[in-house]
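A short worksheet on the structure shown next.
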Ligand SMILES: NC(=O)c1ccc[n+]([C@@H]2O[C@H](COP(=O)([O-])OP(=O)(O)OC[C@H]3O[C@@H](n4cnc5c(N)ncnc54)[C@H](OP(=O)(O)O)[C@@H]3O)[C@@H](O)[C@H]2O)c1
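In the working numbering, the protein residues as written are 11 to 276.
This is the structure:
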């Protein structure tokens, strides 16, 4: 029986990197994303298990901002595999237009907060309850169990603590994800569920494709001690480590994937 992971936005960018890594590690993966089912990609992923063995992938079309879609998503995974071991809250958006803090509108604020914060907050609540029910149904003695009964990983951003005054709603949403991580980590620790925040810096994906030149220059000028762009596989490696069950006495941790960008330097 494979371990089961939910990866929101697991069809593109960082999320696709996470999906690929988890499939290689032997997980079954359920993806939630808004686009039509990507049949070619799913065919490819179904051959991307450990050492090229077949893999189990399920795609649910829906929005993380819609609580009704959470139910369809969780139910689809439970019907297919009967359990959930890992939730990766990865799906996220940048503001459609970068606007100064003194001009940006409420519509963009509501959209970004709805997808980046409200959505994962309530999906975490939904999945945590499913994990607790699954633990209770298993009849396992939690006190004797050294491994977490479930893991939740939130993909935040360097923007959780670094201001960009032309995309305030994004920064606020990611700071909220950071607090959400600590809240759920504290509430879920006695339930045997660990919660982590993975905090990427600048990663080459569709999200950053429009600002490549800007970040090429910033990286060349020393934005991060490691001067290269991050890759989805860099973030996926962090998720794989945190989901491995090797750190059961750690929760609420922030794992930076930013080439050292967060280190204060003189
Ligand atoms: N790239 C970076 O430099 C960077 C840095 C720090 C943090 N991050 C964070 O990392 C995460 C992934 O970013 P990325 O760079 O991989 O972005 P991306 O390439 O733009 O991909 C975004 C993913 O999120 C999904 N998504 C967007 N809105 C959704 C919704 N309402 N419901 C469900 N899925 C939705 C997209 O699915 P569709 O295909 O259906 O649109 C897509 O799979 C985001 O949370 C982002 O804030 C990125």
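Here a beta-carbon is modelled for each residue, glycine too, at the ideal position from N, C-alpha and C.
Predicted, not measured: the structure shown is a model, and the values here were computed from it.
Between residue 98 and residue 249, the C-beta gap is smaller than 8 Å, which places the two residues in contact.
Taking the C-beta atoms as reference points, residue 158 is found no nearer than 8 Å to residue 36. The alpha helix (DSSP H) runs lying completely inside the region 61-121 and spanning 4 residues or more are 77-91, given in chain order. When the five nearest sequence neighbours on each side are left out, the beta carbons in the same chain lying within less than 8 Å of the beta carbon of residue 12 are those of 36, 37, 38, 66 and 91, in order along the chain. Straight-line measurement puts the Cα of residue 217 at about 7 Å from the Cα of residue 104. The Cβ atoms of residue 164 and residue 210 do not sit closer than 8 Å to each other. Looking at the DSSP output, residue 265 shares a beta bridge with 208. For ligand 1, a non-hydrogen atom lies closer than 7 Å to the CB of residue 42.
The three-state reading of DSSP puts residue 273 in coil, since its state is none of H, G, I, E or B. Scanning its chain for C-beta atoms nearer than 8 Å, with the 5 sequence neighbours on each side dropped, one finds around residue 213 the residues 23, 24, 239, 240, 241, 242, 244, 245 and 267, in chain order. According to the DSSP assignment, residue 215 belongs to no beta strand (DSSP E), since it is labelled neither H nor E.
At least one heavy atom of ligand 1 falls within 7 Å of the beta-carbon of residue 25. Per DSSP, the beta-bridge partners of residue 41 are 17 and 69.
Judged by DSSP in its simplified three-state form, residue 126 adopts helix. In this structure residue 167 is buried. Its beta-carbon is surrounded by 16 or more other beta-carbon atoms within 10 angstroms. As DSSP reads the structure, residue 161 sits in a beta bridge with 96 and 204. If you draw a straight line from the Cα of residue 16 to the Cα of residue 191, it comes to about 17 Å. For residue 107, the Cβ stays outside the 7 Å cut-off from all heavy atoms of ligand 1. A straight-line Cα-Cα distance of about 16 Å links residue 68 and residue 27. As computed with DSSP, residue 240 is found in a beta bridge with 213. Of the heavy atoms belonging to ligand 1, none sits nearer than 7 Å to the Cβ of residue 234.
With a cut-off of 8 Å on Cβ pairs, the region 196-204 is not in contact with the region 216-231, counting fewer than three such pairs. Taking a cut-off of 8 Å for Cβ pairs, the region 105-121 and the region 44-61 do not touch, as fewer than three such pairs fall below it. Annotated as proximal: residue 236 and residue 269, with beta-carbon spacing under 8 Å. In terms of Cβ geometry, residue 101 and residue 40 do not form a close pair [threshold 8 Å]. Using a Cβ distance threshold of 8 Å, residue 140 and residue 84 count as a contacting pair.
233 is the residue among 125, 257 and 233 whose C-alpha sits nearest the C-alpha of residue 275.
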